[in-house]
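First residue of the sequence shown? That's 0 in numbering that gives the first Met the number 0, and the numbers climb one at a time after it. Using N, Cα and C, we set each Cβ at its ideal position, and we do this for glycine too. These notes concern the structure reproduced below.
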Amino acid sequence: METECVSLSAKTLLDAKARRAGVFLTEVDLVERDQRVVVDIPPDARVAITPAGRKMLSLAGNKRWRWSQGGALLIVRLADMIIVPIRLRDRHAPSWGGHYTAPTGLASTYDEWVEPYRLIREGFEEVLIATADGIVVPLFEEARLNRIAWGAVASGVSLVRQEECLPALFTSGRFVNVPASIHHSPHEKDILVRLDGEECSHTRALAIFDDGTRGIDIMYPVILDMTAYRLDDISIFCGEDLNGKSLDSEMACLELDLALRMDKIVRAFKTGRPVAVTGDITKMTPVLREPLAML
């Protein structure tokens, strides 16, 4: 029988690290959520290391909040338009089936509990963009973000190598750096993480609360300067995986106007090739809909 939740202990942390647990969640007390977000990981917090445990931490009636999860909303500035790559969830998905979503994910290490900015990796793992110059790797001014970006893209490339039908843009073996920066908005908040009352980290990001799953997503809007390319010059592949293989979900390009307001879906890709749009853009997960509204 699958274990649901275990206690927060040194043994739990070491055991999960040893077997490289794919799901590694805990729960927090939400101390503040208005002017700033303050979460505290208490000493008696439960830890989820299995899907069953994740479900236990995601019950709407829980007093505490599930922690941590998040990602990035990629704002791609092309020569001819501004797009946001979004993924269509399978209609049989356990939550938000048939909805478009932003590239987000759950923590897989203890480090992502105490330093949730690390979850920005999800944006670069789940959305793989290729050009004639190579697969895109964001280049930030902050060295710590560049380390995350390179590691995330490398993870995605391991999925690319398993696909035999991808366009040549993905198989050249080359990479291209494009300037990247965090887009700051009046809606972002200071986010403080404490461990049993002691402050561990501080970041600024968008905080998205999902009362239905008791989840708090830490989201970073990231601008990619790809004005050297047009929409016809790029391809997009789904880097979201299941058991080490890409889900190959439909990846849609949502156009934004110059004020970063949502316009329409202008293209969709599957296996890196243009396809007909099959999703309904009125159906969005909170981690897509709310960050778009906060730009």
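| Query | Result |
| --- | --- |
| At least 3 beta-carbon pairs within less than 8 Å: the segment 159-175 vs the segment 199-210 | no |
| Three-state secondary structure assigned by DSSP to Pro-42 | coil |
| Limits of the alpha helix (DSSP H) - the one that Gly-155 falls within | 142-159 |
| Residue range of the unbroken beta strand (DSSP E) whose run includes Glu-121 | Note, Glu-121: premise wrong, no beta strand (DSSP E); alpha helix (DSSP H) at 120-125. |
| For Ile-264 and Thr-11, the rounded distance between their alpha carbons | Confidence at Thr-11 is low in this model, with a pLDDT of 46, below 50, so its placement is unreliable and the value that follows should be read with caution. Using only the alpha carbons, I get a separation of about 44 Å. |
| Asp-189 versus Val-38: straight-line alpha-carbon distance, rounded | 11 Å |
| Stretch-stretch touch, CB-based, cutoff 8 Å, three pairs: the segment 223-235 with the segment 139-151 | no |
| Runs of beta strand (DSSP E) lying entirely within the segment 220-256, each at least 3 residues, in chain order | 234-237, 250-255 |
| Endpoints, the alpha helix (DSSP H) within which Met-283 is located | No alpha helix (DSSP H) contains Met-283, which DSSP labels as neither H nor E. |
| Run of the alpha helix (DSSP H) containing Asp-209, from where it starts to where it stops | First-last for Asp-209: 197-209, but that is the beta strand (DSSP E), not the alpha helix (DSSP H). |
| Extent of the continuous alpha helix (DSSP H) to which Glu-111 belongs | 110-113 |
| C-alpha distance - Ala-267 paired with Val-30, whole-angstrom precision | 41 Å |
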